[in-house]
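Numbering (my numbering), first residue to last: 26 to 149. Each remark here refers to the structure printed beneath this line.
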Amino acid sequence: MSTNFIARLNKCEAAFHLLVLLSLADGSSAPKEKKIILDFLEKNFDDGLDLIKEQAFLTALPTTEHFSHFEEVINRFYTISSKDERNKIVEFAMKVVMADKTMTADENRLIDKLFTAWDLNRWS
Numbered sequence: 026m027s028t029n030f031i032a033r034l035n036k037c038e039a040a041f042h043l044l045v046l047l048s049l050a051d052g053s054s055a056p057k058e059k060k061i062i063l064d065f066l067e068k069n070f071d072d073g074l075d076l077i078k079e080q081a082f083l084t085a086l087p088t089t090e091h092f093s094h095f096e097e098v099i100n101r102f103y104t105i106s107s108k109d110e111r112n113k114i115v116e117f118a119m120k121v122v123m124a125d126k127t128m129t130a131d132e133n134r135l136i137d138k139l140f141t142a143w144d145l146n147r148w149s
C-alpha cells in the first residue's frame, strides 16, 4: 500500500475506508452496515468524497491486505482528527460491527487494533 496514497486521504475518506473495512471483516457488507456508514459520513463530514472511486478501490483491494490497510487508515485518521471526531467514529464503528447483532473474530481483531492504536480503554 502506498504511504503517499494514505497521506492524501481526508477525514471523510479515511473514515469511509475504516468503516467499510470493518463492515467487510465478516465476509460481506450487510445493507444495515452500509446505511450506518453513509449516515455517519453525511452527519459528520463535509470533506470531498468520491464514493464510486473509494468503493472501487476497496472492492479491488485484496482481502489479504485489508488488515494492513486498516492499520494505515486508522493511523491516518488519528493524525488528522480531534479526540471528539475519533470518539464519534469509534461509536459508529461499533454500530457497524454490531449491525448484524454479532461480532466475528475478524471484526473483533480490527476493533481491538483500533482501540489499541488510539489508546482507548474498550471497557470504560
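We treat Cβ as the ideally placed atom computed from N, Cα and C, and that holds for glycine.
For residue 135, collect the residues of the same chain with a Cβ closer than 6 Å to its Cβ; drop the 5 residues on either side in sequence, then sort them by chain order.
47, 50 and 95
For residue 35, name the three-state secondary structure that DSSP assigns.
coil
Taking the alpha carbon of residue 73 as the reference point, which residue from 126, 133, 34 and 145 has its own alpha carbon closest?
When each option's Cα is compared against that of residue 73, the closest is 34.
At which residues does the alpha helix (DSSP H) containing residue 90 begin and terminate?
Per DSSP, residue 90 belongs to no alpha helix (DSSP H) and is neither H nor E.
Are residue 99 and residue 142 touching if we call contact CB-CB under 8 Å?
yes
Around the Cβ of residue 54, are there at least 16 other Cβ atoms within 10 angstroms (buried) or fewer (exposed)?
buried
Tell me which residues share the same chain as residue 112 and place their Cβ nearer than 7 Å to its Cβ, disregarding the 5 neighbours each side in the sequence.
Closer than 7 Å at Cβ, skipping near neighbours: no residue.
Beta carbon of residue 43 nearer than 8 Å to that of residue 102:
yes
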